[in-house]
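Participant: The following block contains the structure, expressed as structure tokens.
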Amino acid sequence: MNRLFSFVFTFACLAIWSINSERAYVHDKLVRLEPFTDEHIHYLQALEETTSLDFWTEIMAPNRSVDVRIRANEYDQYVSQFKQYSLPYEIIVNDIQEVIDNEEKELAQDRLMRQIQSRWLGEAEPRIVGTYATYKQMETYLDEKAAADPTHIKVIDIGKTYEGRSIKVISIKMNPASTRNIWIDCGIHAREWITSTTCIWLTEEFINEYNNRDPIIRQILDKWTVYVAPSLNPDGYEYSQTSGNRLWRKNRFPTNVLCNGVDLNRNYPWKWNTGGSSTSACSETYCGRSAGSEIETQNVVKFLESLKGTWDMYMSFHAYGQWWFTPYGYTTGLPKDYQKQLATAQAGANALTAVRGTKYAVGSISGLLYIASGSTCDWAYDSLGIKHSYTIELPPTQQQSNIGFVLPVSEAPAVCRETYVGMKEFLNKVHEDTAQ
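Anchor point for the sequence shown: position 296 equals 291 in our numbering, and the numbering is continuous, going up by one each time.
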């Protein structure tokens, strides 16, 4: 009987996977480049700005490796260029589609197991905490949380996307007298699925631990109304889940006849297009037609500006790399609050590391990585005046680019769990600082 169940279960998983699977990345390769001269760096920067090459890791400096996805039909062309520039390279993933296929099979199995569990428990919908949910499932989850405690929890539609989806934000206000706020967002880049999963996990744990009278969470939620946006890019997220374009990054605005999408984290109206972004519509870092040109950007800006002066913390989750960033990205200069930001972020990173040894580098965006203008983090700090403004890049490390954005769903709960522990201690330190 167990053998029969196993056979039927496996067959069902494969059937679901085969129905949902498109294969857009067959024989695309992930190539590791080893630039060792300034000429190599300038060449790669030009490629990033003017082509549709998909750089998975950042172009930083000579003797720092760079990983890039190259389409199957362009591979020979670029290899010829690498040889011309005497730029060392090696293939680290020979067929990216195989990595995506493996993720899809595992995700199909996870979803089927959750469906079986929900029916066994008599629940209307599968539980989504700790997995890669659809955007519709995330909306349903938020609505259910609000319905369970309408006095303290609300769902806010802050505006529509280009394709007409709602950008949903959950607000958790346990103390009616609270006048201060914190903001957490995820999913501004569509393919970074682990970030949206993290936002759902944080929401779940904030509510559960408050109701279970955890003293730190009680202190945090009694001081602040917490706003959580699981996806700032619902169109891109849905497209990455349903079209076969698993690695889609941008929104879905039609930029020209050849390409769609703007990098929303290069579109914010502060120091826009001053470095680390591209004006080429086909580039993965295309900054848009103008500062704040995208409707998704405008919705977030309008909402946060409507509460300007009440924000004590801004956090945006990304993947991947295991970094905890402070401002700035647009300049190598440091903000006046840098030492306090650094100490607060380090406290969170240390607590996260204590869970299972996952290490994060802490520092400014430009100091640890590169110049990147038009980001949410810089905008929140300079334009909104939020002293504690940060970006976290979740696992894996950049040395694990054979996984990269395609983090197996089986690893999601562990990532979310340690991130929550880190965030809890981090918010405790922000609470201490803002109480002074």
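Ideal placement from N, C-alpha and C gives every residue a C-beta, glycine not left out.
What you are looking at is a predicted structure, and each value in this text was computed from that prediction instead of being measured.
State whether the stretch 317 to 327 contacts the stretch 343 to 359, with contact taken as three or more CB pairs (one from each stretch) at a distance under 8 Å.
Facilitator: They touch, by the three-pair rule.
Participant: Closer than 8 Å is the cut-off here; do at least three beta carbon pairs connect the stretch 107 to 127 with the stretch 266 to 286?
Facilitator: Touching, no, given that fewer than three Cβ pairs across the two stretches are closer than 8 Å.
Participant: Pick from Phe77, His37, Asn423 and Thr429: whose alpha carbon is nearest that of arginine 213?
Facilitator: Cα-wise, what sits closest to arginine 213 is Asn423.
Participant: Evaluate serine 81 with the Cβ neighbour count: other Cβ atoms within 10 Å of its Cβ, from every protein chain shown; 16 or more gives buried, anything less gives exposed.
Facilitator: Classification of serine 81: exposed, given that the 10 Å Cβ count is below 16.
Participant: Looking only at its own chain, which residues have a Cβ that is under 6 Å from the Cβ of serine 16, when we skip the five neighbours before and after it?
Facilitator: Note that serine 16 scores a pLDDT of 48, beneath 50, so its modelled location is shaky; the value from the coordinates is reported in the next line. Closer than 6 Å at Cβ, skipping near neighbours: Glu99.
Participant: Would aspartate 428 and lysine 335 qualify as a contact pair, given that the criterion is a beta-carbon distance under 8 Å?
Facilitator: Taking 8 Å as the Cβ cut-off, aspartate 428 and lysine 335 qualify as a contacting pair.
Participant: Express the C-alpha separation of valine 94 and isoleucine 398 in angstroms, rounding to a whole number.
Facilitator: Answer to the nearest angstrom: the Cα atoms are 7 Å apart.
Participant: With a threshold of 8 Å, are at least 3 pairs of Cβ atoms found where one atom belongs to the stretch 72 to 90 and the other to the stretch 24 to 40?
Facilitator: With the cut-off at 8 Å, the stretch 72 to 90 and the stretch 24 to 40 touch.
Participant: Indicate whether arginine 241 and valine 357 have their beta-carbon atoms separated by less than 8 Å.
Facilitator: No; because the gap between Cβ atoms is not below 8 Å, this pair is not in contact.
Participant: Compare the Cα-Cα distances from serine 166 to each of Asp144, Pro57, Ser47 and Ser378 and report the closest residue.
Facilitator: Per the Cα distances, Asp144.
Participant: Alpha carbon to alpha carbon, how far is threonine 458 from histidine 184?
Facilitator: Nothing can be reported for residue 458: it is not among the residues displayed for the chain, which extend from -4 to 431.
Participant: Given leucine 216, which residues of its chain have a CB within under 6 Å of its CB, disregarding the five upstream and five downstream residues?
Facilitator: Counting only Cβ-Cβ distances below 6 Å, and skipping sequence neighbours, we find Met169 and Tyr205.
Participant: Glutamine 394: which of Ser60, Met55, Thr32 and Val21 sits nearest, CA to CA?
Facilitator: Comparing Cα positions, the closest option is Ser60.
Participant: Starting from the Cα of alanine 340, find the closest Cα among Gly328, Pro322 and Ile65 and give me that residue.
Facilitator: It is Pro322 whose Cα lies nearest to the Cα of alanine 340.
Participant: Straight-line CA distance for alanine 286 to serine 275?
Facilitator: Answer to the nearest angstrom: the Cα atoms are 15 Å apart.
Participant: Determine contact between the stretch 282 to 302 and the stretch 251 to 266, defined as no fewer than three beta-carbon pairs at a distance below 8 Å.
Facilitator: Yes, the stretch 282 to 302 touches the stretch 251 to 266.
Participant: For threonine 190, which residues from the same chain have a beta carbon less than 7 Å from its beta carbon, with the 5 sequence-adjacent residues on both sides left out?
Facilitator: Excluding residues within five positions, the ones whose Cβ falls inside 7 Å are Cys181, Gly182, Phe312, His313, Ala314 and Leu389.
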